[in-house]
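Quick note: the sequence shown, position 56, residue 62 per our numbering, numbers continuous.
This report concerns only the one structure given below.
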Amino acid sequence: MNSIDSIFINFPELETERFILRQVKAKDYKDLYELYSDPLAVKYQQTEAMSDMEQSKKTVIAFLKGYLNKKFIRWCIADKLTDKVVGLISLHSFDIFNFKAEIGYMLNSKYLNQNIMTECVIKVLNFSFNIINLTKVEASIHPDNERSIHLVVKLGFKEELLIKGISFNFKTALFEDRVIFGLTKNHFALF
Numbered sequence: 007m008n009s010i011d012s013i014f015i016n017f018p019e020l021e022t023e024r025f026i027l028r029q030v031k032a033k034d035y036k037d038l039y040e041l042y043s044d045p046l047a048v049k050y051q052q053t054e055a056m057s058d059m060e061q062s063k064k065t066v067i068a069f070l071k072g073y074l075n076k077k078f079i080r081w082c083i084a085d086k087l088t089d090k091v092v093g094l095i096s097l098h099s100f101d102i103f104n105f106k107a108e109i110g111y112m113l114n115s116k117y118l119n120q121n122i123m124t125e126c127v128i129k130v131l132n133f134s135f136n137i138i139n140l141t142k143v144e145a146s147i148h149p150d151n152e153r154s155i156h157l158v159v160k161l162g163f164k165e166e167l168l169i170k171g172i173s174f175n176f177k178t179a180l181f182e183d184r185v186i187f188g189l190t191k192n193h194f195a196l197f
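As structure tokens, then:
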């Protein structure tokens, strides 16, 4: 079965040259705390940085429930050699009628400038277009997030529109703008 529903039968583990993209494990709470308490990593997230490990343990449960409830698939980006989680990548906001989804990602700032997200996003895009047969993947990015914009443009996404005041930020209590980028299956080239 090649469809969006198929990814919610068994968690689809993916592998790149350096990383395993896998489901969250209970032991990952320390790595998730390191990620979510990193001011640079959460700069464009819509929540406050974590301040204690209990929040991280609840996040592990939320990731598992989100997958179980078919809301999203969130992969931990785990180093092949150490199994340390250095970041996250997800598919969410599935549109089952139009076969599209949104991609999101975040990286521990200790691992910036190593092409980790390029490697992992390419793998998830390949999975999205060639395994579950999505027709389009979108990215909704804060207009000031230059690093994220650079990544999607490098991978062939095209800027489609700016939506004013579309995304509520819980840490600032403000509605923020988002730039929507899109990549269709027809324009995705295997890297």
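For glycine and all other residues, C-beta sits at the position ideal for the given N, C-alpha and C.
Remember, it's a predicted structure, so these values are computed and weren't measured experimentally.
Whose C-alpha, out of the options, is nearest the C-alpha of residue i?
i, options, result
"I169", "V158, Y117, P149", "P149"
"L167", "K160, A145, K177", "A145"
"S62", "Q120, D34, L157, I137", "D34"
"L189", "N16, N151, I172, S134", "S134"
"A68", "L46, Y50, A47, K31", "K31"
"L161", "M123, K86, L46", "M123"
"D101", "N119, I15, K76, D183", "K76"
"N119", "I109, F181, L157, Q52", "L157"
"Q29", "I10, K49, V66, T53", "V66"
"T178", "V159, I10, Y50", "Y50"
"L46", "D183, E152, V159", "E152"
"S115", "I10, L41, N136, F17", "L41"
"V48", "Y111, N16, N132, N121", "Y111"
Where DSSP assigns a beta bridge to residue i, which residues make up the other side?
i, result
"K190", "For the record, residue 190 in the displayed sequence is Thr; it is not Lys. T190 is bridged to K142."
"Y111", "I95"
"A84", "I26, V91"
"L168", "V185"
"L157", "Its beta-bridge partners do not exist; DSSP assigns none."
"F78", "H98"
Could you confirm whether any beta carbon from chain D is found closer than 7 Å to the beta carbon of residue i?
i, result
"K33", "Protein chain content of the structure displayed is limited to a single chain, and chain D is not contained in it."
Beta-carbon within less than 6 Å of residue i's beta-carbon, same chain only, minus the 5 sequence neighbours each way: which residues are those?
i, result
"I147", "S154, I155, V185"
"S43", "A55, M56"
"N192", "none"
"M59", "Y39"
"F78", "G72, S96, H98"
"F176", "Q52, T53"
Tell me which same chain residues have a C-beta within less than 8 Å of the C-beta of residue i, skipping the five on either side of it?
i, result
"L27", "E19, L20, E21, W81, C82, I83, A84, I95, C126, K129, V130"
"N104", "T141, K142"
"Y117", "V92, G93"
"G171", "F181, E182, D183"
"E108", "L97, H98, S99, V143, E144, A145, S146"
Which whole-angstrom value is the C-beta distance of residue i and residue j, which I expect to be below 8 Å?
i, j, result
"K106", "L140", "6 Å"
"G93", "L70", "The Cβ separation is near 18 Å, so there is no contact."
"F174", "Q52", "7 Å"
To which residues of the same chain is residue i closer than 7 Å at the C-beta, ignoring the five residues directly before and after it?
i, result
"S12", "I138"
"K86", "R24, F25, I26"
"D1", "As shown, the chain starts at 7 and ends at 197. That puts residue 1 outside it, with no answer to give."
"N136", "none"
Uninterrupted beta strand (DSSP E) stretches inside the stretch 15 to 61 (no shorter than 3 residues): You should have 25 to 28.
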